[in-house]
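Engineer: Numbering (mature numbering (1 follows the signal peptide of the UniProt record, and there is no 0)), first residue to last: -28 to -1, 1 to 177. Every residue gets a Cβ at the ideal spot worked out from N, C-alpha and C, and that includes glycine. Before anything else, here's the structure in question.
Now the structure itself:
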């Protein structure tokens, strides 16, 4: 009898020990997983956008209009240099071709600026043109008409590279005129949405 009781007690003790062992949890570090309630929150994704720095205050910029031709502003220090509208294709204005060049400055007196002066070109509109081109031509006084200017045949036109919308006037004294062209593109960059050009000139004194 005593043997049977002892056997039963032994079996009960083994069963109790087995039950206690099964209820213990394995540490997360051993299993290699982290319980959801203990996981660190995900870091937020920061989106960065790159925008072109405006050359002038944004409050001075106007949206382009299909009904109004953009006007080019040209300044050399405190001197305003008139820019004459030349050929264009623009919105409801359609397209127009002008003779261009020095002929468009006929009868106009050229402002005088100092050699090497920084000449600033600016469109006070947004968006800015996608493509710009500036060409410099030397001028000389016509032999038969003292108040008109004609293109010099001795010198060739020069393509001018601008930096931040500006270029330096020539160091050599004389009369110069410039043709400036600007083009805007569609959002996909495949087609032109508008083109315009101007002629302006000055005397380097």
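1) Does residue 50 pass the burial test, meaning 16 or more other C-beta atoms within 10 Å, or should it be called exposed?
2) Would you give the residue range spanned by the beta strand (DSSP E) that residue 82 belongs to?
3) Keeping to the same chain, check which residues put their C-beta closer than 6 Å to that of residue 104; ignore five residues upstream and five downstream.
4) Which partner residues of residue 71 appear in the DSSP bridge assignment?
5) Could you tell me if residue 163 is buried or exposed, where buried requires 16 or more neighbouring beta carbons within 10 angstroms of its beta carbon?
6) Note down, in chain order, each residue of its chain lying with its Cβ closer than 6 Å to the Cβ of residue 177, except the 5 sequence neighbours on either side.
7) Compare the Cα-Cα distances from residue 99 to each of 35, 172 and 144 and report the closest residue.
8) Can you tell me which of the three DSSP states residue 134 falls into?
9) Give the single residue among 74, 86, 140 and 97 whose Cα lies nearest to the Cα of residue 33.
10) With DSSP collapsed to three states, give me the class of residue 175.
11) Measure the alpha-carbon distance for residue 39 versus residue 66 and round it to whole angstroms.
12) From the DSSP output, which residues share a beta bridge with residue 35?
13) Give the range of the beta strand (DSSP E) segment to which residue 47 is assigned.
14) Report the partner residues of residue 55 according to the DSSP bridge assignment.
15) Bridge partners for residue 90 per DSSP, in chain order?
16) Quick one, which of 141, 149, 137 and 57 has its alpha-carbon nearest residue 128's?
17) With distances taken between CB atoms, is the gap from residue 174 to residue 48 smaller than 8 Å?
18) Between which two residues does the beta strand (DSSP E) harbouring residue 150 extend?
19) Pick helix, strand or coil for residue 166, following the three-state DSSP scheme.
20) Measuring only the C-alpha atoms, how far is residue 80 from residue 151?
21) When DSSP labels each residue in this structure, what does residue 63 get in the three-state scheme?
22) Which residues in the same chain have their Cβ closer than 7 Å to the Cβ of residue 44, if we skip the five residues on either side of it in sequence?
Structural biologist: In this structure, then:
1) exposed
2) No beta strand (DSSP E) holds residue 82; DSSP gives it neither H nor E.
3) 154
4) Bridge partners of residue 71: none, in fact.
5) exposed
6) Taking residue 177 as the centre and dropping the five residues before and after it, the same chain places the C-beta of 84 closer than 6 Å to its C-beta, in chain order.
7) 35
8) In the structure shown, the three-state DSSP call for residue 134 is coil.
9) 97
10) strand
11) 10 Å
12) Residue pairing from DSSP places residue 35 in a beta bridge opposite 98.
13) 45 to 48
14) For residue 55, which the question treats as bridged, DSSP gives no partner whatsoever.
15) 140
16) 149
17) yes
18) 146 to 157
19) strand
20) Here the alpha carbons of residue 151 and residue 80 stand approximately 16 Å from one another.
21) helix
22) Once the five neighbours on either side are set aside, the close Cβ partners of residue 44 are 55, 93, 95, 152 and 170.
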